[in-house]
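Visitor: This structure is in structure tokens; I'll ask about it shortly.
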Amino acid sequence: MASGFPMGRRKTLLSPYFSYFASTSSRDLSGNKAPYGNNGRFSSVTAQIYLEYGITDRLDFVAKIPFSFSQYQDDYLNNVNNAPSDLEVGLKYNILHFNEQKYYFSAQALASIPAYSKNRNPATGYGKFGSELKLMISGSERRAYFNIEGGYRQYYGNPTGQVGQLTYISTSGLHLGKSNQLVGELSGVSSFRSSQFTPANPASNTEFTFVKANIAIGQRVWKENWIFLGVFHDIVNRNSGIGEGGTLTGIFRF
Numbered sequence: 025m026a027s028g029f030p031m032g033r034r035k036t037l038l039s040p041y042f043s044y045f046a047s048t049s050s051r052d053l054s055g056n057k058a059p060y061g062n063n064g065r066f067s068s069v070t071a072q073i074y075l076e077y078g079i080t081d082r083l084d085f086v087a088k089i090p091f092s093f094s095q096y097q098d099d100y101l102n103n104v105n106n107a108p109s110d111l112e113v114g115l116k117y118n119i120l121h122f123n124e125q126k127y128y129f130s131a132q133a134l135a136s137i138p139a140y141s142k143n144r145n146p147a148t149g150y151g152k153f154g155s156e157l158k159l160m161i162s163g164s165e166r167r168a169y170f171n172i173e174g175g176y177r178q179y180y181g182n183p184t185g186q187v188g189q190l191t192y193i194s195t196s197g198l199h200l201g202k203s204n205q206l207v208g209e210l211s212g213v214s215s216f217r218s219s220q221f222t223p224a225n226p227a228s229n230t231e232f233t234f235v236k237a238n239i240a241i242g243q244r245v246w247k248e249n250w251i252f253l254g255v256f257h258d259i260v261n262r263n264s265g266i267g268e269g270g271t272l273t274g275i276f277r278f
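Below is the structure:
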């Protein structure tokens with residue numbers, strides 16, 4: 025979805041995204057693994073629309089609108105919450121491009137707006153306003169492409185203090201002929217604020233690290249419009265649930 029490539033003036037990217045995530049165990053801050061108590065299981069389905077619109081050849085408007093269906097269930101509980109997550113809106117600017125416009129370095133600033141009630145569990149977020157600054161470098165050759173992102177996200181007004189998070193993504197794609205792609209991605213978040221992990225309400229956790237690996241196959245629909253089907257699994261966890269799942273992503277340009 026997001027990358028360092030600019031959209032171009034008056035061009036639009038629309039990306040619907042669906043994911044399924046399930047978890048029955050977690051690791052503590054020391055990395056010790058344990059199953060959730062009482063046969064607990066957390067699962068969620070996320071439906072999201074991502075939008076980019078080229079204001080100029082270098083400046084893009086970006087927005088993300090997600091909705092989450094979450095459930096935590098064990099021998100004694102069955103908590104369900106269907107609600108929007110944090111809406112994100114902002115701007116992306118291409119700072120420079122080089123090597124015949126094959127490589128791009130860009131910066132992105134986002135505002136995060138809670139669009140839900142935090143009174144229900146499992147919560148879909150902290151229920152606080154936030155902001156994020158991200159740097160991105162992307163490149164494309166005839167057979168392959170890549171995107172590397174690093175950012176800092178801040179949430180404001182948390183009862184335990186402000187929550188800071190480092191976000192990071194590394195993506196590489198390989199063209200398999202004219203109509204297929206193979207994509208691999210590592211992505212993660214490191215959050216800094218003292219907090220205990222609660223499997224029944226994982227979105228309330230404020231101190232954790234996770235990294236997940238994703239692999240996906242892409243099929244061209246028409247022109248530069250694609251559908252990607254992927255699977256992922258957590259490979260690093262600290263004070264967070266260990267999960268796996270699948271993704272379905274569309275990339276449509278017009």
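Sequential numbering from 25 applies to the sequence shown in this note's numbering. Beta carbons: idealized from backbone N, C-alpha and C, even for Gly.
Who are the near neighbours of S155 in its chain, counting only those whose CB is closer than 6 Å to its CB and skipping five residues on each side?
Guide: Here the set comprises A135 and Q178.
Visitor: Out of curiosity, what's the CA-to-CA distance linking N63 and F42?
Guide: In this structure, the CA atom of N63 is about 27 Å from the CA atom of F42.
Visitor: State whether the region 111 to 122 contacts the region 86 to 100, with contact taken as three or more CB pairs (one from each stretch) at a distance under 8 Å.
Guide: Yes, the region 111 to 122 touches the region 86 to 100.
Visitor: Can you grab the Cα-Cα spacing for the pair S68 / N106, in whole Å?
Guide: 9 Å
Visitor: Out of V260, S264, T70 and E248, state which residue places its alpha-carbon closest to the alpha-carbon of F276.
Guide: E248
Visitor: Going along the chain, which residues of its own chain have a beta-carbon closer than 7 Å to the beta-carbon of L253, five neighbours each way excluded?
Guide: A240, I241 and L272
Visitor: With DSSP collapsed to three states, give me the class of N118.
Guide: strand
Visitor: Please determine, among T230, A71, P40 and G32, the residue with the shortest C-alpha to C-alpha distance to R82.
Guide: G32
Visitor: Distance check for L210 and I172, CA to CA, integer angstroms please.
Guide: Looking at the two C-alpha atoms, the distance is approximately 10 Å.
Visitor: Under 8 Å by Cβ, that's how I've got S27 and S162 pegged, so tell me the actual separation to the nearest angstrom.
Guide: 5 Å
Visitor: Using only the alpha-carbon positions, how far apart do R65 and S92 sit?
Guide: 16 Å
Visitor: For N62, which of helix, strand or coil comes out of DSSP?
Guide: Under the three-state reduction of DSSP, N62 is assigned to helix.
Visitor: For chain B, is any of its Cβ atoms less than 8 Å away from the one on V260?
Guide: Of the chains in the structure shown, none is chain B; there is only one protein chain.
Visitor: What does the Cβ neighbour count give for S50, buried or exposed, with the cut at 16 atoms within 10 Å?
Guide: buried
Visitor: In its own chain, which residues sit with a C-beta less than 7 Å from the C-beta of I119, not counting the 5 before and 5 after it?
Guide: F129, S130 and A131
Visitor: Exposed or buried, E124, counting other C-beta atoms within 10 Å across all chains shown (16 or more means buried)?
Guide: exposed
Visitor: On the CB-based measure, 16 or more other CB atoms within 10 Å of its CB, does Y180 come out buried or exposed?
Guide: exposed
Visitor: Can you give the beta carbon distance from G78 to K35, rounded, assuming they're within the 8 Å contact cut?
Guide: Sure, about 5 Å apart at Cβ, within 8 Å.
Visitor: Which of the three DSSP states, helix, strand or coil, is assigned to E165?
Guide: coil
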